[in-house]
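**Student:** Just add 3 to the spot in the sequence shown (first one is 1) and you have this note's numbering.
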Amino acid sequence: MRVGLISDIHGNRLALDAVLEDIEREGVDQLVCLGDVAVGPQPAEALSRVRELGCPVVMGNWDAAFLGAMPEPRDKIGERLVEIGEWWASYLTPADREFMASFVPTIELELGSTRVLCFHGSPKSYDDWIFATTPDEELRPMLDRVHAPVLIGGHTHVQMIRRYNEQLIANPGSVGLPFREWWPRPVRISPWAEYGILSGEDGRLSIDLRRTPFDVKTFLQMSLSSGMPHAEWWVKSWSMDGKESR
4 MRVGLISDIH
14 GNRLALDAVL
24 EDIEREGVDQ
34 LVCLGDVAVG
44 PQPAEALSRV
54 RELGCPVVMG
64 NWDAAFLGAM
74 PEPRDKIGER
84 LVEIGEWWAS
94 YLTPADREFM
104 ASFVPTIELE
114 LGSTRVLCFH
124 GSPKSYDDWI
134 FATTPDEELR
144 PMLDRVHAPV
154 LIGGHTHVQM
164 IRRYNEQLIA
174 NPGSVGLPFR
184 EWWPRPVRIS
194 PWAEYGILSG
204 EDGRLSIDLR
214 RTPFDVKTFL
224 QMSLSSGMPH
234 AEWWVKSWSM
244 DGKESR
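#1: Considering only the beta carbon of each residue, do Gly14 and Val35 sit closer than 9 Å?
#2: How would you label Arg143, buried or exposed, when you count the other beta carbons within 10 angstroms and need 16 or more for buried?
#3: Excluding the 5 residues preceding and the 5 following Pro76 in the sequence, name in chain order all residues of the same chain whose CB lies nearer than 6 Å to its CB.
#4: Starting from the C-beta of Leu171, find all residues in its chain whose C-beta is less than 6 Å away, skip the five residues before and the five after it, and write them out in chain order.
#5: Classify Ser93 as buried or exposed, calling it buried when 16 or more other Cβ atoms lie within 10 Å of its own Cβ.
#6: Please determine, among Asn64, Val31, Ala47 and Ile87, the residue with the shortest C-alpha to C-alpha distance to Glu235.
#7: Compare the beta carbon distance of Pro216 and Trp195 with 9 Å and say whether it is the shorter of the two.
#8: Evaluate contact between the segment 61 to 70 and the segment 196 to 209, counting only Cβ atoms and requiring at least three cross-stretch pairs below 8 Å.
#9: So, Met103 versus Ala41, is the Cβ gap smaller than 9 Å?
#10: Check the DSSP bridge columns for Gln33 and list the partner residues they point to.
#11: Around the C-beta of Arg16, are 16 or more other C-beta atoms found within 10 angstroms, so that it is buried, or is it exposed?
#12: Verify whether the separation of the beta carbon atoms of Met62 and Gln33 is less than 9 Å.
#13: By DSSP, does Pro59 sit in helix, in strand, or in coil?
#14: To the nearest angstrom, report how far apart Met231 and His150 are at their CA atoms.
The structure is reproduced here in structure tokens:
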């Protein structure tokens, strides 16, 4: 069995379409979306495409914010993101919100004899962060009484495979907003789309972390012309071949 893993689409329909074309060529048996679908310049378009897929979707932190209250910003970057998020949220229809309300906290899969648990931040909260460098003592409360041997999460926008005791944890990265650099440094967004493929057969398990190109320039031009707040800051956050886009 092969499972396509997509996460953190962030309203980037162009990147999502590129990833789905790749995944279709791979012939996977199932798709799973790990959340944060709509928050980006193409919120309704991204939601519509995911709805067409008919795949299970995990509730992400921004999905929840769109359905409830926006998070309290802690710094200037947070203030910008909340303002942008509020602007994007205003374009969602009641049908969009109804679809987002169907997202679930976790998804369980059976990959042969291997149990897989999918989530956004951690099995306990969509706001938790799990990095390759997260100390085991910080992971312990997030994974307490979680016994699935394979754990798949999103939220960080950083691809990862790591071990915790006997468990394997993986993150397929972000379809629409993959991070090259993270806080506290200025965020830099990579000019590609990320996803993963999880395979299991006859007791064997493999996780492929992949990236694929998409039309970044068109996406950024569309972002600038959309009228969204802080559009120029958003565009300058994208790295093009290691350099800031201009």
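Heads up, the beta-carbon is just placed ideally off N, CA and C, and yes, glycines get one too.
**Tutor:** Reading it off the structure:
#1: It is not a contact, given that the beta carbons lie outside the stated cut-off.
#2: So Arg143 ends up on the exposed side.
#3: Here Pro76 has Glu82 and Val85 as same chain residues with Cβ atoms under 6 Å from its own Cβ, once five neighbours each way along the sequence are excluded.
#4: Within the same chain, Cβ atoms closer than 6 Å to the Cβ of Leu171 are found at Val153, the five residues on either side in sequence being excluded.
#5: Classification of Ser93: exposed, given that the 10 Å Cβ count is below 16.
#6: It is Ile87.
#7: Yes.
#8: The segment 196 to 209 and the segment 61 to 70 do not touch, with fewer than three beta-carbon pairs separated by less than 8 Å.
#9: For Met103 and Ala41, yes; Cβs fall inside 9 Å.
#10: Beta-bridge partners of Gln33 (DSSP): Val6.
#11: Buried: at least 16 other Cβ atoms inside 10 Å.
#12: In this structure, Gln33 does not lie closer than 9 Å to Met62 by Cβ.
#13: Note: Pro59 maps to coil in three-state DSSP.
#14: In this structure, the alpha-carbon of Met231 lies about 43 Å from that of His150.
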